[in-house]
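Asks: Going by this note's numbering, 160 is the number at position 126 of the sequence shown; the sequence numbering is gapless.
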Amino acid sequence: MEFLAILLLIVVGAVVGIWLFIANQGDANFKFVVDQRTAFSLTSITEDTATFVSQIPFVNNGTQGGTLMDVYPRHLLPCEQFDAVEVDSRLTLDKANRSDGYWEAYIVLKNTGGSIILTVKFTAKSGDIKAALADMVDMPIDIVYQVVARGPWYINKERLVMTADEIHRALAAGEQAAAR
Numbered sequence: 035m036e037f038l039a040i041l042l043l044i045v046v047g048a049v050v051g052i053w054l055f056i057a058n059q060g061d062a063n064f065k066f067v068v069d070q071r072t073a074f075s076l077t078s079i080t081e082d083t084a085t086f087v088s089q090i091p092f093v094n095n096g097t098q099g100g101t102l103m104d105v106y107p108r109h110l111l112p113c114e115q116f117d118a119v120e121v122d123s124r125l126t127l128d129k130a131n132r133s134d135g136y137w138e139a140y141i142v143l144k145n146t147g148g149s150i151i152l153t154v155k156f157t158a159k160s161g162d163i164k165a166a167l168a169d170m171v172d173m174p175i176d177i178v179y180q181v182v183a184r185g186p187w188y189i190n191k192e193r194l195v196m197t198a199d200e201i202h203r204a205l206a207a208g209e210q211a212a213a214r
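And the structure:
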């Protein structure tokens, strides 16, 4: 009888110890640090299009590695708010710059990170991009991302705002660089 009680205590202690070990392992915890992004800069301009880019850092400050499975932008510019341009936004990992809009799953170890390149292309409906962007409004952009790690997968998002003032400054800087 004494032997069974000791054996039962050992088994219960082992189960509790294993549970505590697993519970203490934690999980991945991703964050796109949109307040540390670079200002949007003009990368190309034609008569009817203008393309801007910004670099946005991210970090996994969790206790486990995790995988960014899907990461994509969602620009929010309803035609009721501003109807002079069509918008195309896409992003890519800065280390694996792709032009096809596809996000390749990326494993991020704990306490590490990287950055993404967000590209926003405006096409003027009138054919004159400078005139169309003269009255541009602030445009929120959500960075939506799916994380797969130790716990159940989840989808999260971080919002940044591409301001009209930022667009105007980038256009002016682009024109000054082209004039040199």
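Here a beta-carbon is modelled for each residue, glycine too, at the ideal position from N, C-alpha and C. Because the structure is a prediction, the values reported are computed rather than measured.
Note down the Cα distance separating residue 126 from residue 148, rounded to an integer number of angstroms.
Replies: 11 angstroms
Asks: Can you look up residue 144 in the DSSP assignment and give me helix, strand or coil?
Replies: coil
Asks: Give a yes or no on whether the C-beta atoms belonging to residue 85 and residue 164 are separated by under 8 angstroms.
Replies: Against a cut-off of 8 angstroms, the Cβ pair of residue 164 and residue 85 comes out as no contact.
Asks: Compare the C-alpha of residue 181 against each of 195, 200, 138 and name the closest.
Replies: The option with the nearest alpha carbon to residue 181 is 138.
Asks: How do the stretch 75 to 94 and the stretch 40 to 52 stand: do at least 3 beta-carbon pairs fall below 8 angstroms, yes or no?
Replies: With a cut-off of 8 angstroms, the stretch 40 to 52 and the stretch 75 to 94 do not count as touching, because too few Cβ pairs lie within range.
Asks: By how many angstroms is the C-alpha of residue 66 removed from the C-alpha of residue 173?
Replies: 18 angstroms
Asks: Name the one or two DSSP bridge partners that residue 186 has.
Replies: DSSP output for residue 186 lists no bridge partner at all.
Asks: Which of helix, strand or coil does DSSP assign to residue 76?
Replies: Strand at residue 76.
Asks: Residues bridged to residue 109 by DSSP?
Replies: 175
Asks: Which same chain residues, not among the five before or five after residue 176, have their C-beta less than 6 angstroms away from its C-beta?
Replies: 108, 191, 193
Asks: Measure from the alpha carbon of residue 79 to the alpha carbon of each residue in 133, 146, 161, then state which is nearest.
Replies: 161
Asks: In the DSSP assignment, find the alpha helix (DSSP H) that holds residue 209 and state where it starts and stops.
Replies: 198 to 213
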